[in-house]
């Protein structure tokens, strides 16, 4: 093959595999030929192969957009006289044959000059077309460069089917062959080293090691059984609240328990129901959301059935045949399950103004209630008053989230009491043990944690500016961690770890 190329003056180059853009002229001809064949088959039917020679004749007759000449003109030096040329000549009353007008020598000289002129003009037209095509292609292309020893993934045909490609690797780069080709070492292939185009590669991202997982200590709690083996049904319907009152003396405990015992209906396990207001559910789109059912893990099938049965017994749901999307199980912080469906995103929200945490009053919140008093006697009266109001509405309280008669209480992520406002102690530990973020998601998580307590940090926005810049779209993972970012990260942690205190109004 090399000898043939030398004899006919062809400069051959080696191309990288699985990158047809290198053989652009051949691939573009194949695309044009397939398009012409597709139209030919629709007209001729099964005997399309008999018309293939006429199809190639028509292709060689038409000038190309890149060169400005037809393939026949560039090879033979004159235009191919097809049916359209004969028709044009007949319209112009020209002779269709030029035999005998010139001698053979003069004809060869004219053909050589014509070929040289066509070749020069075709080369100029082709260079202009290639510059325009490159300018158009480079608008969406970006420069990528890899170093020897760097790991990359390769987009190669899968072993199951050559028509399907998937990312394989990672493989190591041995050396850079040309500006856009690299020699890759493939230990799992028969040919250990191969040259690939840069468009078939993408950088291998090392997995970020996860931190130590939190460990939970579990203790076995003995079952509380009655002596006669029977359980009081009324006690199950209205269980007594289990609260921690170790911070009170015996007299205060007795009075507080007496107040809570007057309202057993507030501590039922099932949610309450009120008639004070009516919720009108309106959808942004009345068309149901259709999607395939989610697969429920085998270990969660029994808890799912139990949760559905409990909700049916409480009257929250009822059996129905719905065209809406299926449920998804989302675990809660306490280990229980929440049933979630996609129609929640189709509900028209009721927009309510929410104040800043600094301007909120302790008597108003989202779904939290704060009862505060100056003296112990006033506090018992306030508890009677507020618990009776809640009982009249038909609502219930979550005992596990209630704190009773404490001088310092957790509220909206703060420690309130004794005329002071502090961040929660567990947040101190979380911020103190927070490792350096490596991704934009981790940076946003850290800024969200510290930003909730920005009232304790003077000039918070200026200090966190370098970290905020890491969350923009232009920054890619892993985030570039500079010295300014390290100073801002350390400065914010030091501010939060010094136990800041604000005076409550």
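Numbering (the UniProt record's numbering), first residue to last: 1 to 505. Idealized CB from N, CA, C, for every residue including glycine.
Exposure label - residue i; buried when at least 16 CB within 10 Å
i, result
"residue 32", "exposed"
"residue 222", "A caution first: residue 222 carries a pLDDT of 44, below 50, which makes its placement in the model unreliable, though a value can still be read off. By the neighbour-count rule (16 or more Cβ atoms within 10 Å), residue 222 is not buried but exposed."
"residue 423", "buried"
"residue 111", "exposed"
"residue 379", "buried"
"residue 488", "buried"
"residue 57", "exposed"
"residue 16", "buried"
"residue 414", "buried"
"residue 471", "exposed"
"residue 26", "exposed"
"residue 509", "Nothing about residue 509 can be read from this structure; the chain reaches only from 1 to 505."
"residue 67", "buried"
"residue 201", "buried"
"residue 118", "buried"
"residue 266", "buried"
"residue 105", "exposed"
"residue 108", "exposed"
"residue 8", "exposed"
"residue 467", "buried"
"residue 494", "exposed"
"residue 381", "exposed"
"residue 300", "exposed"
"residue 317", "exposed"
"residue 14", "exposed"
First through last residue of the beta strand (DSSP E) which encompasses residue i
i, result
"residue 7", "Where residue 7 is concerned, there is no enclosing beta strand (DSSP E), although the alpha helix (DSSP H) it sits in stretches over 2-8."
"residue 279", "First-last for residue 279: undefined, no H or E at that position."
"residue 167", "165-178"
"residue 193", "193-197"
"residue 184", "181-185"
"residue 415", "414-417"
"residue 303", "Careful: residue 303 lies outside any beta strand (DSSP E), inside the alpha helix (DSSP H) at 298-313."
"residue 420", "420-423"
"residue 331", "328-331"
"residue 152", "151-157"
"residue 339", "337-340"
"residue 440", "Where residue 440 is concerned, there is no enclosing beta strand (DSSP E), although the alpha helix (DSSP H) it sits in stretches over 440-451."
"residue 201", "201-203"
Whole-Å CB distance - residue i paired with residue j, under 8 Å assumed
i, j, result
"residue 396", "residue 276", "Not quite, the Cβ-Cβ distance comes to about 14 Å (not below 8 Å), so this is no contact."
"residue 329", "residue 296", "7 Å"
"residue 446", "residue 434", "6 Å"
"residue 148", "residue 175", "6 Å"
"residue 510", "residue 77", "With the chain represented from 1 up to 505, any question about residue 510 goes unanswered, as that position is not in the structure."
"residue 19", "residue 199", "6 Å"
"residue 194", "residue 205", "About 23 Å separates the two Cβ atoms, so there is no contact after all."
Reference residue i, options the options, closest by Cα
i, options, result
"residue 388", "260, 429 and 196", "260"
"residue 336", "417, 304 and 312", "304"
"residue 443", "481, 318, 247 and 385", "481"
"residue 438", "485, 404, 406 and 407", "485"
"residue 476", "174, 137 and 441", "441"
"residue 507", "400, 47, 449 and 52", "The shown model of the chain, from 1 to 505, leaves out residue 507, and the question about it has no answer."
"residue 159", "136, 147 and 189", "189"
"residue 450", "431, 81 and 289", "431"
"residue 492", "452, 410 and 262", "452"
"residue 264", "390, 179 and 69", "390"
"residue 291", "327, 382 and 495", "327"
"residue 429", "368, 116 and 497", "497"
"residue 168", "156, 179, 178 and 177", "156"
"residue 334", "126, 206, 401 and 7", "401"
"residue 151", "299, 80, 207 and 129", "207"
"residue 29", "170, 60, 248 and 274", "60"
"residue 515", "258, 64 and 410", "The requested residue 515 is not part of the displayed model; the chain covers only 1 to 505."
"residue 129", "181, 65 and 184", "65"
"residue 342", "331, 308 and 294", "294"
Boundaries of the alpha helix (DSSP H) in which residue i is found, first to last residue
i, result
"residue 259", "250-261"
"residue 71", "71-76"
"residue 376", "376-393"
"residue 61", "52-61"
"residue 496", "483-496"
"residue 467", "465-469"
Contact test: residue i Cβ vs the ligand SAM heavy atom, cutoff 7 Å
i, result
"residue 172", "Judged by which ligands are present, the structure shown has none, so any question about the ligand SAM falls away."
Any chain D beta carbon closer than 8 Å to residue i
i, result
"residue 370", "The question asks about chain D, but that chain is absent: this structure has only one protein chain."
Give a yes or no on contact between the segment 66-85 and the segment 117-124, applying the rule of three or more CB pairs nearer than 8 Å.
yes
Validate contact between the segment 244-255 and the segment 399-414 using beta carbons, cut 8 Å, 3 pairs
yes
State whether the segment 277-285 contacts the segment 305-321, with contact taken as three or more CB pairs (one from each stretch) at a distance under 8 Å.
Touching, no.
Specify whether the segment 126-135 and the segment 143-152 touch according to this definition: at least 3 beta carbon pairs, one from each stretch, less than 8 Å apart.
no
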